[in-house]
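Some notes on the structure that comes next.
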Amino acid sequence: MDVPINNAASFYAGFFEKLPDAQIRAQIETNLFGPMNVTRAALPVMRAQRAGHVLTLSSLAGAVGVDFCVAYSAAKFGSRASSAPNSSWTPPPPTPRAPSTTTPSAPPRPRRSGPP
Numbered sequence: 035m036d037v038p039i040n041n042a043a044s045f046y047a048g049f050f051e052k053l054p055d056a057q058i059r060a061q062i063e064t065n066l067f068g069p070m071n072v073t074r075a076a077l078p079v080m081r082a083q084r085a086g087h088v089l090t091l092s093s094l095a096g097a098v099g100v101d102f103c104v105a106y107s108a109a110k111f112g113s114r115a116s117s118a119p120n121s122s123w124t125p126p127p128p129t130p131r132a133p134s135t136t137t138p139s140a141p142p143r144p145r146r147s148g149p150p
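Residue numbers for the sequence shown follow my numbering, beginning at 35 and rising by one.
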């Protein structure tokens, strides 16, 4: 796995108090928990292979609240916040190997031809 891409989106616009609970929950589930679940599933694989990047696409609504998009903006804010700690992750250093306890043998000496 090289680059899992989080590009989830579910959008319902309207006055916050008029949005049905099911629509708010659907937006949070898709836009916040969806990318979090993908990232949580991908990280152990990428840590084991010691390589990879997670790309999470968001929205301007995740940086600046947008009228009539309260649940969408909240989910995108959360997605940005949950992605930030993973952006600086670096793989752990390799496990050091124990030094060899055997002395390497010297290569054979070349034979000389002719008088000494």
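All residues carry an ideal CB built from backbone N, CA and C; glycine is no exception.
- Query: Residues in its own chain within less than 6 Å of Phe-45 by CB, not counting five upstream and five downstream?
  - Reply: Translated into positions along the sequence shown, residue 45 becomes position 11. Hits under 6 Å: Tyr-106.
- Message: Whole angstroms are fine: how far does the CA of Arg-59 sit from the CA of Arg-81?
- Response: Locating residue 81 in the sequence shown gives position 47, counting from the first residue. Locating residue 59 in the sequence shown gives position 25, counting from the first residue. Using only the alpha carbons, I get a separation of about 31 Å.
- Item | Contact between the stretch 77-97 and the stretch 48-57 (3+ Cβ pairs under 8 Å) | no
- Starting from the Cα of Ala-47, find the closest Cα among Pro-144, Cys-103, Ser-93 and give me that residue. The residue labelled residue 47 in the question sits at position 13 within the sequence shown. Nearest C-alpha to Ala-47: Cys-103.
- Using the rule of at least 16 other Cβ atoms within 10 Å of the residue's Cβ for burial, across every protein chain shown, is Gly-99 buried or exposed? The residue you call residue 99 lines up with position 65 of the sequence shown. Exposed, because fewer than 16 other Cβ atoms sit within 10 Å of the Cβ of Gly-99.
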